[in-house]
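Residue numbers (this note's numbering), protein chains in the order written: chain Y, 10 to 155; chain R, 10 to 155.
Ideal Cβ positions, reconstructed from N, Cα and C, are used throughout, including at glycine.
Computed from a prediction, not measured in an experiment: that's the story for all the values here.
Here's the structure we're looking at; comments come further down.
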DNA sequence: ATCTGTGCAAATAGTTTGCATCCTC
DNA sequence: GAGGATGCAAACTATTTGCACAGAT
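Next up, the structure:
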């Protein structure tokens with residue numbers, strides 16, 4: 010996935026510059042990290058992994074990236090919001106979360122996507138994105154409680 | 010829906026009592042309110058609507074009701090967690106959220122449910138619930154920005 | 001030189017916890 | 001009477017904002 014990641018990072022940096030943002034060091038590090046990571050990170054996780062970047066900068070960068078459609082917010086981390094990159098071509102995954110240990114696993118399913126696309130044509134709403142979250146118990150947690 | 014709501018309220022009160030909880034006044038009001046409401050409420054909305062009930066009691070009641078499977082948490086209210094009752098018979102809805110004004114509309118779709126049920130049979134996870142959220146722009150917000 | 005980006009610290013919003021008291025069983 | 005239920009206030013966690021300064025253009 011390294012090649013794909015690199016392309017997201019490039020695309021993000023280009024989009025930021027086209028949107029008139031200057032290229033400071035803090036946001037750049039956030040972009041690099043999000044480009045390397047395949048699944049959701051919380052703002053605080055990013056802040057912890059980038060000790061030289063201020064917390065406010067992390068939140069501001071995430072806000073800007075989300076507004077440009079480069080990342081999306083997902084609800085898989087409990088209290089905190091998770092953020093993950095939006096890859097080009099509409100290809101994306103959804104999440105299954107263990108309610109015991111919090112483990113998050115990604116999955117893709119064409120049939121599910123078809124069903125959701127069919128739902129997207131509504132008179133009262135223009136649907137631009139969707140999120141599916143499955144919740145349950147992962148195999149290792151299941152063993153322990155039995 | 011009045012009859013259905015009443016039955017959820019009854020069922021919830023019975024389940025609480027069977028679980029060994031005493032019948033205090035605060036939790037009772039929370040249960041009544043959730044039984045009357047068809048879609049998600051946040052803890053603070055409930056707290057505001059029940060001035061005689063302490064905030065901590067609201068959160069504690071929600072925690073207990075969720076643990077008993079009587080309500081579920083949904084991510085449609087932005088920062089705050091939304092809670093809505095779980096109706097018997099597995100019948101349930103999902104949500105579409107306007108990213109401009111925050112309006113939430115519920116919908117049901119059999120094809121979507123079928124696709125998700127098919128996904129539920131996984132070796133590594135026992136899926137017990139799922140949540141689908143569509144995001145976009147509602148008709149009235151769309152008019153204003155055009 | 002100008003004006004954006006950044007870090008720090010203070011302020012908010014949502015949620016949880018400690019504790020004394022009230023009330024159910 | 002004993003122990004759970006409740007309200008209030010303090011504590012916490014996640015997020016946002018104010019502000020002075022560094023750095024990009």
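Name the one or two DSSP bridge partners that residue i has.
i                     : result
residue 89 (chain Y)  : Y:86
residue 94 (chain Y)  : Y:80
residue 66 (chain R)  : Bridge partners of residue 66 (chain R): none, in fact.
residue 130 (chain R) : R:135
Between which two residues does the alpha helix (DSSP H) containing residue i stretch?
i                     : result
residue 136 (chain R) : Where residue 136 (chain R) is concerned, there is no enclosing alpha helix (DSSP H), although the beta strand (DSSP E) it sits in stretches over 134-147.
residue 52 (chain R)  : 52-58
residue 113 (chain Y) : Here residue 113 (chain Y) belongs to no alpha helix (DSSP H); instead the beta strand (DSSP E) covers 113-116.
residue 46 (chain R)  : Note, residue 46 (chain R): premise wrong, no alpha helix (DSSP H); not H, not E.
I want to check one thing, is the minimum distance from the CB of residue i to the heavy atoms of the ligand HEM below 7 Å?
i                     : result
residue 102 (chain Y) : Ligands in the displayed structure: none, and consequently the ligand HEM is not present.
Under a three-way DSSP split, which group does residue i fall into?
i                     : result
residue 81 (chain Y)  : strand
residue 150 (chain R) : helix
residue 106 (chain R) : strand
residue 26 (chain R)  : helix
residue 120 (chain R) : helix
residue 33 (chain Y)  : coil
residue 16 (chain Y)  : helix
In chain R, which residues lie less than 7 Å from residue i when you measure between Cβ atoms?
i                     : result
residue 135 (chain Y) : 145, 146 and 151
residue 121 (chain Y) : 124, 125 and 128
residue 140 (chain Y) : 142
What does residue i reach in chain R if we use C-beta pairs closer than 8 Å?
i                     : result
residue 105 (chain Y) : 131, 134 and 136
residue 18 (chain Y)  : The premise fails here: residue 18 (chain Y) is roughly 25 Å from chain R at the closest Cβ pair, so nothing lies under 8 Å.
Applying a beta-carbon distance threshold of less than 9 Å, which residues of chain R neighbour residue i?
i                    : result
residue 41 (chain Y) : Those do not exist, as residue 41 (chain Y) stays about 27 Å from chain R at its closest Cβ, beyond 9 Å.
Could you name the residues of chain Y that residue i contacts, counting a contact when the two beta carbons are closer than 7 Å?
i                    : result
residue 84 (chain R) : 84
Kindly list, in the order they appear in chain Y, the residues whose Cβ is closer than 8 Å to that of residue i.
i                    : result
residue 47 (chain R) : Going along chain Y, no residue has its Cβ under 8 Å from residue 47 (chain R), so there is no contact; the nearest lies around 17 Å.
residue 56 (chain R) : Residues of chain Y passing the Cβ test: none, with the nearest at roughly 18 Å.
Note down, in chain order, every chain Y residue with its Cβ under 9 Å from the Cβ of residue i.
i                    : result
residue 96 (chain R) : In chain order: nothing, as chain Y lies at least about 18 Å away.
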